[in-house]
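In the working numbering, the protein residues as written are 28 to 165.
All C-beta atoms in this analysis are idealised placements derived from N, C-alpha and C, irrespective of residue type, glycine included.
Keep in mind it's a predicted model, so treat the numbers as computed, not measured.
So the structure is just underneath, and the comments pick up after that.
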Amino acid sequence: MTDDQIQLVQQTFALVAPIADDAAALFYQRLFTLDPSLKTLFRGDMKQQGQMLMQTIGLAVRNLRQPAAIIKSVEQMGQRHVGYGVTEAHYDTVGEALLWTLGQGLGDAFTPAVRDAWAATYTMLAEVMKAGARRAAA
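Right, dumping it as structure tokens:
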């Protein structure tokens, strides 16, 4: 990721953070529209799940300039997700739902450059999670 991309992601996440609960609800609604079978992977309170999602994204965004600080925890998250039934194909659906949600939440601020920056961020994190998942499955 470039410095400009990191700056765009951090600036736009600051716009999403105040509407975190709504953004999370929108994300899961879109995720389950894209792939209704994913509903079975989620148990418990979806509001709490959404809060955890937004906290995790926030942590990742804050640490984009020092990714080594979060790599281990992101890998471990990928390892845990294997136990939940997450497959590599699911990461594409999650990425699509995330970008769509950001587009909805940011409106005109979701420029092509912002979309590309978020796509790069998600790709980086998803690749680390998938590597963790592959280690767990080995």
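Exposure label - Phe-40; buried when at least 16 CB within 10 Å: Taking the sequence shown and counting its residues from 1, one reaches residue 40 at position 13. Buried is the call here.
Could you tell me which of Arg-92, Ala-146 and Leu-91 sits nearest to Ala-124, measuring between CA atoms? Locating residue 124 in the sequence shown gives position 97, counting from the first residue. Ranking the options by Cα distance to Ala-124, first place goes to Ala-146.
Drop a sphere of 10 angstroms on the beta-carbon of Leu-148, count the other beta-carbons inside from all chains shown, and report buried for 16 or more, exposed for fewer. Locating residue 148 in the sequence shown gives position 121, where the first residue counts as 1. In the sequence as presented, Leu is not what sits at residue 148; that position holds Thr. Result: buried.
Taking 8 Å as the cut-off, does the region 28-38 touch the region 68-85 (at least 3 CB pairs, one atom from each stretch)? no
Fully enclosed by the region 71-110, which alpha helix (DSSP H) runs are 4 residues long or longer? Entirely contained in the region 71-110, the alpha helix (DSSP H) runs reaching 4 residues are, in chain order, 73-89.
Sorted by chain position, which residues of the same chain lie with C-beta nearer than 7 Å to Gln-103's C-beta, five sequence neighbours on each side aside? Here residue 103 refers to the residue found at position 76 when the sequence shown is read from its first residue. For Gln-103, where only same-chain residues beyond five positions count, the Cβ hits under 7 Å are Gly-159.
If we ignore side chains and look at the alpha-carbon of each, how far apart do Ala-116 and Val-109 end up? Locating residue 116 in the sequence shown gives position 89, counting from the first residue. Locating residue 109 in the sequence shown gives position 82, counting from the first residue. Taking the straight line joining both Cα atoms gives about 12 Å.
Taking the alpha helix (DSSP H) that Ile-46 belongs to, which residues open and close that run? For the purposes of this step, residue 46 is taken as residue 19 along the sequence shown, with counting starting at 1. From DSSP, Ile-46 is part of no alpha helix (DSSP H); its letter is neither H nor E.
Mapping the DSSP letters down to three states, classify Val-113 as helix, strand or coil. Your numbering for residue 113 matches position 86 in the sequence shown. Coil at Val-113, not helix or strand.
Option nearest Leu-80 by Cα separation, candidates Leu-61, Gly-112 and Thr-128: Numbered from its first residue, the sequence shown carries residue 80 at position 53. Considering only alpha carbons, the answer is Thr-128.
Any Cβ of chain D within less than 7 Å of the Cβ of Ala-153? In the structure shown, chain D cannot be found, because there is only a single protein chain.
Determine the extent of the alpha helix (DSSP H) in which Gly-26 is found, giving its start and end residues. Residue coverage of the chain in this structure runs from 28 to 165, which leaves residue 26 outside it and unanswerable.
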